[in-house]
Each structure stands twice: as structure tokens, then as C-alpha cells.
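S.K.: What follows is a structure written as C-alpha cells; I'll ask about it next.
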Amino acid sequence: MKELDPLLHSQLRLSVMSILMNVDEADFVYLKEKTQATAGNLSVQLEKLSEANYISMTKGFVGKKPRTVCQVTDTGRQAFERYVNDIKALLNIK
Amino acid sequence: MGSNSMTERQSLDIITNMIQASKQRLTVTNGNIFLFWGWLCVAVCLLVTVLLYFFNHPAMNFFFFLIWVVGGAYTERVRRRVAERGEVVTYTDRLSNAIWAMVGWSALIATFMCLGFLLIGGKDVWIMMFLFAFIVVGIGAFVQGTVIQEKCMMLGGGFSMVAGAFITGCLLSGIPLSAYWVYPLFALSFALMFIVPGYIIRNKALRDERA
């Protein structure tokens, strides 16, 4: 049986990827609100996705406040599509 | 939400839920930004027309700079507010931002160009800004209408472009332009490009929210 991508097969990382696949870019505050994750946990999971080159993170400032913007990369897009196809295959969904 | 593993079915549920959660933002804009710019341009234009009527002095046209001052301050405020509450940028947003950044920056450069010509005696050069507003903003509104699939905005943009072509024709044919019909035409164009579509988009957004 085919193994699902362990990096994506986790609630929070999959949620983040699902959102980012749907939009062009989203910032940390938006992702935190939509996933209802804690800042610390989200930060760790974003870092993991970034290390795997599934997402890119750009850190900047709005006024004096720091702002992190996330965007899905081509690698991440392909991994997500592969993951969805694998799930479909496992569940026998055409 | 934790980062623990789950079943395949749960994975699909998460994907579906997150798509739903971010879908609301994908239904384009709520129309407020169009309403703001539409009302601002119409109000300033009518103010200048009234001032010209009472004072009959070309310096009244400098009140058009209110569009830059008020519009710039509002746009910056909106930008900060959005950034504070968490921002998501869709492909539509990116296209829209690119359209209005192009229109805005070229309008700003054209304004400085006009000021430069004014310094060397070209007092009628401000007509260029009107042609710019009619034609370039019209193209912007048409493309924006296409991007968000709002026919009313496309028609408004088309009307503005035709109005711009008409004024260019008048200029080239030596037909005198008067503030008393050019300015109301300007106000009408902006109402058709931004105010009418703005209310339509806002109503659609409110309907979607209730659904």
C-alpha cells in the first residue's frame, strides 16, 4: 500500500497547505485564525513545511509590527496534488 | 488544532473545511473600496464645479488634489487595518492590485508632468489629466470588471473610454471644452465605473454572507 506523505498527513500542516493551495498568499495572522492553532504550534509547523520547501515564508513589517507571509511553492503544490490523489486512491474515490 | 496524524477520511474533511473557510474571501471584494473611490472622485469633481461657478477662478482646479490626499490617506489606513487582522491575497487580488497600482502610479507621474508643463507656461496641460482619467481609469475599470466578472463595471469602463475618445475628438477639432459639461461627464463616468458597480458588488457580498 502506498504511504501518504508524512509531512502533509498531519492536521495542522494539511490545513495550512489546503488554505495556501486556495489562495496566492496568506499571512500568519490569517492562518492562525483559520486553523485555530496556537501561535507556537503554527510557527513550528510552518517551519517544517518551509524546510521541506513546500511553502515559502517572507518576513517583513507593517509599520512596526512584524508580518510573515506564506506562499505555497511548486514543490508544495505537486506534493499536495500527489497527496490528494493518494488519498483518493486509498478511499477508492474516482 | 494539533499536528497529530489522522485517517484518510479525516484528511479529506480537513481539506474540504479549509477550502470552505478560505472560500468566503475568494468571493472577490465587498465593493467598499470602489464605493470610496467613486464617491471621492464624484464629490471632489462636483465641489470644483461649484467653486468654479461661484469664484470663476482656474485655481479652484487645485482642489482636485484632494483626491490624492484623501484617497492616499484612506488607502494607507485600509492597508494597515487589513494587515493587522490577518491578510490573505488571492489571485484576483493580485491582478486587481496590479491594475490599480499601474493606474495610480501612472496618474501620479502624469500629475507631476502636468506640474512641470505648468511651470513652463502650459496652462491648458491639465486637460491631459482628464483624458487620463477618462481613458486609462476606464481601461482599468474595464479590466477590473472582467477580472471580477462584473458586467456593470465593464460597461462603466467602456462608457468612460468612449467619453475620453469624445473629448479627444473635441480637442483635436477645436471644439471648446467647458468645465460645466466636462466635469459632470467626469462625475458620471466615475459613478458608472465605481459607484453603481460598488453597490451591486456590496449587495452580492451581503447576500453571500447571509446565505
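Chains as they are written, first to last, in the working numbering: chain A, 729 to 822; chain B, 1053 to 1263. Glycine residues also receive a C-beta, built at the ideal position from the N, C-alpha and C atoms. Bear in mind that the values here come from a model prediction, so they are computed numbers and not experimental data.
Given a cut-off of 7 Å, decide if B:C1166 and B:W1178 are closer than it, judged by their beta-carbon atoms.
M.R.: The count along the second sequence starts at 1 and reaches residue 1178 of chain B at position 126. The count along the second sequence starts at 1 and reaches residue 1166 of chain B at position 114. Contact: yes.
S.K.: Do the segment 795–802 of chain A and the segment 749–764 of chain A make contact, defined as three or more Cβ pairs closer than 8 Å?
M.R.: With the cut-off at 8 Å, the segment 795–802 of chain A and the segment 749–764 of chain A touch.
S.K.: Would B:L1147 and B:V1199 be called neighbours here (beta carbons separated by less than 7 Å)?
M.R.: What you label residue 1147 of chain B is simply residue 95 of the second sequence in a count that begins at 1. What you label residue 1199 of chain B is simply residue 147 of the second sequence in a count that begins at 1. Yes, the Cβ-Cβ distance between B:L1147 and B:V1199 is below 7 Å.
S.K.: From which residue to which residue does the beta strand (DSSP E) around A:F789 run?
M.R.: Here residue 789 of chain A corresponds to residue number 61 of the first sequence, with the count starting at 1. That run of the beta strand (DSSP E) goes I783 to V790.
S.K.: What residues of chain A sit near B:V1234, judged by a beta carbon separation below 8 Å?
M.R.: Here residue 1234 of chain B refers to the residue found at position 182 when the second sequence is read from its first residue. Correct list: empty, because the minimum Cβ distance to chain A is about 40 Å.
S.K.: Please determine if the segment 730–748 of chain A and the segment 1059–1073 of chain B are in contact, where contact requires at least 3 C-beta pairs separated by less than 8 Å.
M.R.: Short answer: they touch.
S.K.: Assuming B:I1247 contacts B:V1234 (C-beta within less than 8 Å), just tell me the rounded distance between them.
M.R.: Locating residue 1247 of chain B in the second sequence gives position 195, counting from the first residue. Locating residue 1234 of chain B in the second sequence gives position 182, counting from the first residue. Not really, about 19 Å apart at Cβ, beyond 8 Å.
S.K.: What is the DSSP secondary structure of A:T796, reduced to helix, strand or coil?
M.R.: Your numbering for residue 796 of chain A matches position 68 in the first sequence. Reduced to three states, the DSSP call for A:T796 is strand.
S.K.: Taking the runs of the beta strand (DSSP E) that are 3 residues or longer, which of them lie wholly in the segment 1114–1161 of chain B?
M.R.: Counting only runs of 3 or more, we get nothing.
S.K.: Should B:D1260 go down as buried or exposed, given a rule of 16 or more other Cβ atoms within 10 Å for buried?
M.R.: In the second sequence, the residue the question calls residue 1260 of chain B occupies position 208. Exposed, since its Cβ has fewer than 16 Cβ neighbours within 10 Å.
S.K.: Tell me the rounded alpha-carbon separation between B:P1228 and B:W1152.
M.R.: By one-based count along the second sequence, residue 1228 of chain B stands at place 176. By one-based count along the second sequence, residue 1152 of chain B stands at place 100. Their Cα atoms are separated by approximately 31 Å.
S.K.: With H, G and I counted as helix, E and B as strand and the rest as coil, what does DSSP make of B:A1215?
M.R.: In the second sequence, the residue the question calls residue 1215 of chain B occupies position 163. If DSSP states are grouped into helix, strand and coil, B:A1215 belongs with the helices.
S.K.: Would you be able to state if there are at least three C-beta pairs under 8 Å between the segment 1128–1138 of chain B and the segment 1170–1188 of chain B?
M.R.: Because the criterion of three Cβ pairs below 8 Å is not met, the segment 1170–1188 of chain B and the segment 1128–1138 of chain B do not touch.
S.K.: Give me the chain B residues within the contact set of A:V751, using Cβ-Cβ distance strictly less than 9 Å, ordered along the chain.
M.R.: Translated into positions along the first sequence, residue 751 of chain A becomes position 23. Chain B residues near A:V751: S1074, R1077, L1078, V1140, V1141, T1142, Y1143 and D1145.
S.K.: Reducing DSSP to helix, strand and coil, say where A:D755 ends up.
M.R.: Here residue 755 of chain A refers to the residue found at position 27 of the first sequence. A:D755 falls in the strand class under three-state DSSP.
S.K.: Work out the CA separation of B:F1088 and B:K1256 for me, nearest whole Å.
M.R.: In the second sequence, the residue the question calls residue 1256 of chain B occupies position 204. In the second sequence, the residue the question calls residue 1088 of chain B occupies position 36. The alpha-carbon atoms of B:K1256 and B:F1088 are separated by roughly 17 Å.
S.K.: Answer with buried or exposed for B:D1065, where buried requires no fewer than 16 other C-beta atoms within 10 angstroms of its C-beta.
M.R.: In the second sequence, the residue the question calls residue 1065 of chain B occupies position 13. So B:D1065 ends up on the exposed side.
S.K.: Please check the pair A:L740 and A:T763, which I expect to be a contact at CB under 8 Å, by giving their CB distance rounded to whole angstroms.
M.R.: As a position in the first sequence, residue 740 of chain A is number 12, starting the count at 1. As a position in the first sequence, residue 763 of chain A is number 35, starting the count at 1. So it is a contact: roughly 6 Å between Cβ atoms.
S.K.: From this set, B:C1093, B:G1226, B:V1155 and B:Q1196, which residue's C-alpha is nearest B:L1118's C-alpha?
M.R.: Looking up residue 1118 of chain B in the second sequence gives position 66. Measuring from the Cα of B:L1118, the nearest candidate turns out to be B:C1093.
S.K.: Does any C-beta atom of chain B lie closer than 7 Å to the C-beta of A:Q806?
M.R.: In the first sequence, counting from the first residue as 1, residue 806 of chain A sits at position 78. Not an interface residue.
S.K.: Among B:R1061, B:I1085 and B:I1191, which one has its Cα closest to the Cα of B:R1254?
M.R.: To locate residue 1254 of chain B, count along the second sequence from 1; it is residue 202. Among B:R1061, B:I1085 and B:I1191, the Cα nearest to that of B:R1254 is on B:I1085.
S.K.: Along the chain, where does the alpha helix (DSSP H) containing B:G1090 start, and where does it finish?
M.R.: For the purposes of this step, residue 1090 of chain B is identified with residue 38 of the second sequence, where counting begins at 1. Here the alpha helix (DSSP H) through B:G1090 covers N1084 to F1107.
S.K.: With burial defined as no fewer than 16 other Cβ atoms inside 10 Å of the residue's Cβ, what is the status of A:L774: buried or exposed?
M.R.: If you number the first sequence from 1, residue 774 of chain A lands on position 46. Classification of A:L774: buried, given that the 10 Å Cβ count is 16 or more.
S.K.: Taking Cβ positions only, does A:I747 come closer than 7 Å to chain B?
M.R.: By one-based count along the first sequence, residue 747 of chain A stands at place 19. Yes, A:I747 lies at the interface with chain B (some Cβ there is under 7 Å from its Cβ).
S.K.: Quick one: does B:E1128 have its CB under 7 Å from some CB of chain A?
M.R.: For the purposes of this step, residue 1128 of chain B is taken as the residue at position 76 of the second sequence. No, no contact with chain A.
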